[in-house]
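Residue numbers (our numbering): 22 to 319.
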């Protein structure tokens, strides 16, 4: 598995980069996706709708063996409402860990990606959540990326409603632990919506978008895209006025930029980063102060 751990070597305020909220605080920034629409199907008593409702609650062995493949056919339907029901049922099944492997093995990934591209808003949101659940099995991350999931997730991140943005961001955070998917995300234009969400300090998306960015900047393509999209002044503003957790993750991202090249260090300094970095490092260790000095030295 090509999973990056490049950021683990960075240190800030006496703590490793991996300790700066990325492993612990990210769990609060990324609450697990859950369908809030199960059981909300029309009341008509067709066999198919009874199957959907059964799948929402039945996580037995029989469910895994007999119900998943028919649902995959339903997800592939050209009827948008039928597709939405199928996606929601698959999502509910995926909430049981024992079902995730069988869902992926049964061929659900590509139909879910199709629903993510062309489905109703609810189908797209629930498909993003279902893909998140499947991506929690490491070997599925690359398969999901290679099935074309990254571009429609980025589109949902940029154009979706709040729930859609949250679901897409959470799925991308999981998928982008793999280098191959990081590059796909950058190529799909993820940096623009991430920077825009981080710039909106009054939103509830600053932490989530910053955590995704913290994964991406381990690759050079993401660092270049971040600079091109005007991300440095946004990060400096977060260091100045963000919450403590937001400040720490912004500094960690800036450190990775400054380690990369002199030109980025110059840009960080010119954006006025030195005073807030120095202020934030006052209570840090000598090693942390050296890191901050290095990041702000043109």
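For glycine and all other residues, C-beta sits at the position ideal for the given N, C-alpha and C.
query = Between which two residues does the alpha helix (DSSP H) harbouring residue 109 extend?
reply = Taken as a continuous stretch (DSSP letters only), the alpha helix (DSSP H) holding residue 109 covers 101–115.
ask   = With 16 other CB atoms within 10 Å as the buried threshold, where does residue 147 fall?
value = buried
task = Could you tell me if residue 15 is buried or exposed, where buried requires 16 or more neighbouring beta carbons within 10 angstroms of its beta carbon?
result = Residue 15 falls outside the range modelled here, since the chain spans only 22 to 319, and no answer is possible.
task = Look at the Cβ atom of residue 112, then the Cβ atom of residue 138, and state whether they are nearer than 9 Å.
result = no
CA nearest to the CA of residue 232, picked from 279, 269 and 93 = The closest CA to that of residue 232, considering only 279, 269 and 93, is found on 269.
request  = Would you identify the three-state DSSP class for residue 294, choosing helix, strand or coil?
outcome  = coil
query = Given residue 183, which residues of its chain have a CB within under 7 Å of its CB, disregarding the five upstream and five downstream residues?
reply = none
request  = Please classify residue 210: does DSSP put it in a helix, a strand, or coil?
outcome  = coil
Per-residue DSSP class, three states only, for residue 129 = coil
Own chain, CB closer than 7 Å to residue 163, minus 5 neighbours either side, in chain order = 199 and 201
ask   = If you count every other CB in all the chains shown that lies within 10 Å of the CB of residue 294, and 16 or more means buried, which is it?
value = buried
query = Would residue 296 be called buried (16 or more neighbouring beta carbons within 10 Å of its own) or exposed?
reply = The residue is exposed, with fewer than 16 neighbouring Cβ atoms inside 10 Å.
key: Contact check, residue 222 vs residue 234, beta carbons under 9 Å   = no
query = Shorter than 9 Å from the beta carbon of residue 271 to some beta carbon of chain B?
reply = This model lacks chain B altogether, as it is built from one protein chain only.
task = For residue 251, I'd like the list of residues in its chain whose CB is within less than 8 Å of its CB, leaving aside the five on either flank, ordered along the chain.
result = 216
inquiry  = Mapping the DSSP letters down to three states, classify residue 182 as helix, strand or coil.
reply    = Here residue 182 sits in coil by DSSP.
inquiry  = Once DSSP output is grouped into helix, strand and coil, what is the label at residue 150?
reply    = helix
message = On the criterion of 16 or more Cβ atoms from any shown chain inside 10 Å, does residue 152 qualify as buried, or is it exposed?
response = Per the 10 Å Cβ criterion, buried.
inquiry  = Once DSSP output is grouped into helix, strand and coil, what is the label at residue 169?
reply    = Coil at residue 169, not helix or strand.
query = Quick check: the region 201–211 against the region 240–248, are there 3 or more CB pairs under 8 Å?
reply = The answer is yes - the region 240–248 touches the region 201–211, with three or more Cβ pairs under 8 Å.
inquiry  = Just verifying my parser: in three-state terms, what is the DSSP assignment at residue 94?
reply    = In the structure shown, residue 94 sits in a helix (DSSP, three-state: H, G or I).
query = Where residue 119 and residue 186 are concerned, what is the direct C-alpha to C-alpha distance, given to the nearest angstrom?
reply = 27 Å
request  = Starting from the Cα of residue 157, find the closest Cα among 130, 129 and 121 and give me that residue.
outcome  = 121
message = Helix, strand or coil, according to DSSP, for residue 225 in the structure here?
response = coil
ask   = Using the C-alpha atoms, what's the distance from residue 188 back to residue 253?
value = 26 Å
ask   = Taking the Cβ atom as the reference point for each residue, do residue 238 and residue 211 lie within a distance shorter than 9 Å?
value = No. Outside cutoff.
key: Sequence-distant residues of its chain with Cβ nearer than 6 Å to residue 92 (five each side left out)   = 107, 110 and 111
For residue 249 and residue 284, the rounded distance between their alpha carbons = 13 Å
ask   = Can you tell which of 195, 207, 276 and 263 has the C-alpha that lies nearest to the C-alpha of residue 176?
value = When 195, 207, 276 and 263 are compared, the shortest CA-CA separation from residue 176 is found for 207.
query = For residue 255 versus residue 219, is the C-beta spacing smaller than 9 Å?
reply = yes
Which listed residue (282, 281 and 265) has its alpha carbon closest to that of residue 298 = 265
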